[in-house]
Amino acid sequence: MADEAHGEVVEPQEGLDPETRARREAALKHVRKYGDPVLRSRALEITHFDEKLREEVRRMGRLMHDSYGIGLAATQVGVMHRLLVYRTELEGSIAALVNPVLEWASKDKETSEEGCLSLPGVGVDVERPIHVRVTALDEYGKPILVEASGLEARVIQHEMDHLDGVLILDRTSRDQRKQAMRALREQLEATAA
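This is the structure:
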């Protein structure tokens, strides 16, 4: 997924300068990886809208930006909050959704490759509704209504799945899941060597 972002991560071009590469690697160390039980847990509703929550949003936004992600759920950084941050352009503004609820999804669906910061090196085809309507709160507790299509809808659905302990591996074909598991094993063996 080098040029187009359909999931949670945009793979950066090979020629990253050393400082940017180091920042990305440092950010990715904070992201929980496949096998961590928190990724299979349902996050809890947020009831306190204070400076601590707003700092959590800022921290997640920085981690997402530095790791070249386009979405990040709180569970991916080990926090059991129903909170996600996302953006649809690499240098775009970061949106935060607290306690998001899918109100409506179109019958029209599209299959596209998705990646995930918690599943490094894995890309699988996932079918999702093209249009969604989501209600949520912002980090100050104010109601938000998001009507999203295309990439924005896909990213929101991907991150909302994380809040329910669902991974892209759960939404793909058996063959792709087997290939992804093989790739994850190979990567673990390579990093352990």
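1 is the number of the first residue of the sequence shown in the UniProt record's numbering; add one for each residue after it.
Yeah, the Cβ is synthetic: ideal placement off N, Cα and C, and Gly gets one too.
- Using a C-beta cut-off of 8 angstroms, the stretch 84 to 92 makes no contact with the stretch 112 to 132, since fewer than three inter-stretch Cβ pairs fall below that distance.
- Under the three-pair Cβ rule at 8 angstroms, the stretch 14 to 23 does not count as touching the stretch 39 to 52.
- In the DSSP assignment, the residues bridged to His81 are Leu44.
- A Cβ-Cβ distance of about 6 angstroms is found for the pair Ala73 and Leu163, placing them in contact under the 8 angstroms criterion.
- When secondary structure is reduced to three states using DSSP, Arg174 falls in the helix class.
- In this model, Gly150 and Ile130 are separated by some 5 angstroms (Cα to Cα).
- Taking each of Leu102, Lys107, Val126, Ile70 in turn and checking the Cα distance to Glu113, the smallest one comes out for Val126.
- Separation of Leu102 and Leu90 (C-alpha to C-alpha, rounded to the nearest whole angstrom) is 25 angstroms.
- Note on Ser93: under 16 other CB atoms within 10 angstroms of its CB, so exposed under the neighbour-count rule.
- Here the stretch 58 to 67 lies against the stretch 23 to 36, with 3 or more beta-carbon pairs under 8 angstroms apart.
- With a cutoff of 9 angstroms on beta-carbon distance, Thr75 and Ala105 are scored as not near each other.
- Here the C-alpha atom of Asp161 lies approximately 15 angstroms from the C-alpha atom of Gly78.
- Contact between Glu139 and Val98 holds: their C-beta atoms lie close to 6 angstroms from each other, under 8 angstroms.
- Taking the Cα of Arg133 as reference, the smallest distance to any Cα among Val124, Thr191, Ala153 is reached at Ala153.
- Taking 9 angstroms as the cut-off, the Cβ atoms of Leu169 and Val124 count as close.
- For the set His158, Ala180, Thr172, Val146, the Cα lying nearest the Cα of Ile70 is the one of His158.
- Looking at the DSSP output, Thr135 shares a beta bridge with Val101, Leu145.
- Distance from the Cα of Met181 is smallest, within the candidate group Lys33, Leu53, Leu137, Asp108, for Lys33.
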